[in-house]
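For reference, the structure discussed in these notes is given below.
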Amino acid sequence: MNAPPRKLSLEEWDGRYDQLRRDGLREPAYGGPLRRHVVRENDFRLQQLRFDNSPAALRLWNFLLTENERLHQARAAGHKIVGTMKDLGTVPVMAYALPGVRAFYPDGAWWTPCLMECSDKLLQQAERSGIDASFCPVRAMLPAFENGRHFPRPDLLVCSAGAICDDFSTIAQRLEHLGYPIFWWEIPRRRHPDFGEIACPLPGNLAAPKTQVDCVRAELQRVGQALAELAGENLDDDCLAAGIRAANQVRQRLDSLRRLVYSAPAAPLPALEMLVAEMLAIHFCSDRDETIAVLDDLLAEVQSRARRGQFVLGPQAARIFWVNPVADLRAMNLLEELGGRLCGSDFMFTHALDLIPENLPPLEALARAALADPMIGPASDRAARIVRECQAGRAEAVVVSRIPGASHCAREGEIILEMVRRQAGIPAIELEIPPVSDAMRPSLASRLQALVETAQARRSH
Ligand code: SF4
10 MNAPPRKLSL EEWDGRYDQL RRDGLREPAY GGPLRRHVVR ENDFRLQQLR FDNSPAALRL
70 WNFLLTENER LHQARAAGHK IVGTMKDLGT VPVMAYALPG VRAFYPDGAW WTPCLMECSD
130 KLLQQAERSG IDASFCPVRA MLPAFENGRH FPRPDLLVCS AGAICDDFST IAQRLEHLGY
190 PIFWWEIPRR RHPDFGEIAC PLPGNLAAPK TQVDCVRAEL QRVGQALAEL AGENLDDDCL
250 AAGIRAANQV RQRLDSLRRL VYSAPAAPLP ALEMLVAEML AIHFCSDRDE TIAVLDDLLA
310 EVQSRARRGQ FVLGPQAARI FWVNPVADLR AMNLLEELGG RLCGSDFMFT HALDLIPENL
370 PPLEALARAA LADPMIGPAS DRAARIVREC QAGRAEAVVV SRIPGASHCA REGEIILEMV
430 RRQAGIPAIE LEIPPVSDAM RPSLASRLQA LVETAQARRS H
């Protein structure tokens, strides 16, 4: 089964899958050929993507693409379903600490127009509800709730308020008016502690005033009570501490994977699979134990490739640090087709990758983790981390992929580009990538190509 690493089209994966089955491939219950997601779920975009050829990548994709199906099965088995919105990484840690509770991000509908190549018409339906293209692709979430064809209706909807973007705030409020009650909890915009103020260190080399940490801890306590009531269980400190330890197991594996892949002399795993793997951190793709198993397989594959000196891209590929998730997954393929590779990433949820402190009372630790969200503090904090990671990962260039319509920070990209150019001294560009970017492919390709060539040309100086 150990074929040399290569990227395959969906068609090539058909043959590879048959061969793996003949060779005795064993799969989890959600396994199967990738093509079925096109046939059953209309995930047409898969036909345009290139996938890693390992069984570990097959498992990763099947895990990702069966999430809605697995959520429906969990509901049928009597599990409680919690829709957690916006905090990207904290409330799910609490939810999975309770038996019989599954948490997911309805925000994940962000990618549905891409996967289904807009055949679902979610964006048009959002438009009819008054949420037009001046909002980011998260607007797909609104009709996804209404038509019920994607994820099951949650038993409880939890959403953070305060330091969140206008897009999400508006859409979540619209959702509530449509009859989906939301349990709101507040998180303040993170600020640097003032002189003389008691400061608390946060994951990710950040700090916040103790008053902010206390405020978030109290809010998370309310969230915990709501979750416990839903589950009919007690969510005490022991239970939360066990949940944090389990979440950290996921984060440790992701840390090992990112270190190995991003620091290797050549890329042992493609950029697209790295994006998908990192996304597992935010809510474990609705199954925490399986997330650990999926990551173990990926890690074993990458370790084995590194030992064998086999890579999907050679050492000549330009080392690119990528900022923000891409609305069109195909953009990650495009980067590699043009001679680039990932050497680091900030997909907007770095706080879900950092270890949650285990030496603090659990709610305090979770409050600090929530406040480390890169999207709720100054853009310069986010940019400073990107610069540090560019330097550590020997990045040769940075791409900030702008999200169409996103209001999270009008000047954020500019601030990041400026700090990267000034402090890391490497070229950086900003690109806007829509959910289906085919029409813009020539211009995206020429800008990416120019960046890759510039990065490579600088090597000789
Ligand atoms: S505006 Fe930005 S932060 Fe808000 S939902 Fe869209 S992508 Fe996410």
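Quick note on my numbering: the sequence shown kicks off at 10 and runs consecutively. Virtual Cβ for every residue (Gly too), placed ideally from N, Cα, C.
Enclosing beta strand (DSSP E) for Lys89 [first to last residue]: Lys89 -> beta strand (DSSP E) spans 89–94.
Close-in-space but distant-in-sequence residues of the same chain around Met341 (CB under 7 Å, 5 per side omitted): Excluding residues within five positions, the ones whose Cβ falls inside 7 Å are Ala280, Leu281, Leu284, Val335.
Same chain, Cβ closer than 6 Å to Phe144, neighbours up to 5 away in sequence not counted: Leaving aside the five residues that flank Phe144 on each side, the residues in its chain whose CB is nearer than 6 Å to its CB run, in chain order, Asp176, Gly414.
Phe177: CB within 7 Å of a non-hydrogen atom of the ligand SF4: Taking the Cβ of Phe177 as the reference point, at least one heavy atom of the ligand SF4 falls within a distance shorter than 7 Å.
Bridge partners - Cys168, DSSP secondary structure assignment: Cys168 is bridged to Met94, Trp193.
beta-carbon Cys145 near the ligand SF4 non-hydrogen atom, thresh 7 Å: Relative to the non-hydrogen atoms of the ligand SF4, the Cβ of Cys145 comes within a distance shorter than 7 Å of at least one.
Closer than 7 Å: Ser416 CB and nearest the ligand SF4 heavy atom: Remark: the C-beta of Ser416 is in contact range of the ligand SF4, defined as less than 7 Å to any heavy atom.
Near the ligand SF4: Cys123 beta-carbon under 7 Å from a heavy atom: Checking the Cβ of Cys123 against the ligand SF4 gives no.
Cβ-based burial, Asn156 [other Cβ within 10 Å; buried from 16]: With fewer than 16 other Cβ atoms within 10 Å, it is exposed.
Rounded separation between Cys294 and Val102 - CA only: Whole-angstrom Cα-Cα distance: 12 Å.
Of the residues Leu375, Gln319, Met428, the one placed nearest Cys209, counting alpha carbons only: Selected option, being the one with the closest Cα: Leu375.
Assigned exposure category for Asn62 - 16 Cβ within 10 Å defines buried: By the 16-neighbour rule on beta-carbons within 10 angstroms, Asn62 is buried.
DSSP bridge partner residues for Ser354 (one or two, in chain order): Trp331, per the DSSP bridge assignment.
For Lys95, the nearest candidate out of Arg158, Pro383, Phe53 (CA to CA): Residue nearest to Lys95 within the set Arg158, Pro383, Phe53 is Pro383 (criterion: CA-CA distance).
Span separating the alpha-carbon of Ala437 from that of Pro274: A straight line joining the alpha-carbon of Ala437 with that of Pro274 spans about 22 Å.
Any non-hydrogen atom of the ligand SF4 within 7 Å of Cys209 CB: Result no, Cβ not under 7 Å from the ligand SF4.
Rounded C-alpha distance that separates Leu364 from Pro161: Take the alpha-carbon of Leu364 and the one of Pro161: they are about 30 Å apart.
Endpoints, the beta strand (DSSP E) within which Arg111 is located: Segment 110–113, the beta strand (DSSP E) holding Arg111.
Identified DSSP bridge partners for Ala454: DSSP links Ala454 through a beta bridge to no other residue.
Endpoints, beta strand (DSSP E) assigned at Ala437: Note, Ala437: beta strand (DSSP E), 437–441.
Continuous alpha helix (DSSP H) stretch holding Ala378: start and end: Unbroken alpha helix (DSSP H) run through Ala378: 371–380.
C-beta atoms of Pro197 and Gly213 nearer than 8 Å: The answer is no: Cβ separation not under 8 Å.
Three-state secondary structure (DSSP) of Cys123: Cys123 carries a helical assignment under DSSP once its states are collapsed to helix, strand and coil.
Nearest-angstrom Cβ-Cβ length linking Phe320 and Cys399, presumed shorter than 8 Å: The pair is not a contact, with the Cβ atoms about 21 Å apart (cut-off 8 Å).
Contacts around Leu215, its chain only, beta-carbon distance under 8 Å, and the 5 residues preceding and following it disregarded: Cβ within range, chain order: Arg199, Leu380, Ala381, Gly386, Asp390.
Inter-residue Cα distance where the pair is Arg468 and Arg158: Whole-angstrom Cα-Cα distance: 50 Å.
Spatial neighbours of Ala419 in its chain, beta-carbon cut-off 6 Å, leaving aside the 5 residues before and after: The answer is none, since no qualifying residue turns up.
C-beta contact flag for Asp337 and Val407 at 8 Å: No, the pair does not count as a contact, with Cβ atoms beyond the cut-off.
Where Ser410 sits in the DSSP three-state scheme: Reduced to three states, the DSSP call for Ser410 is strand.
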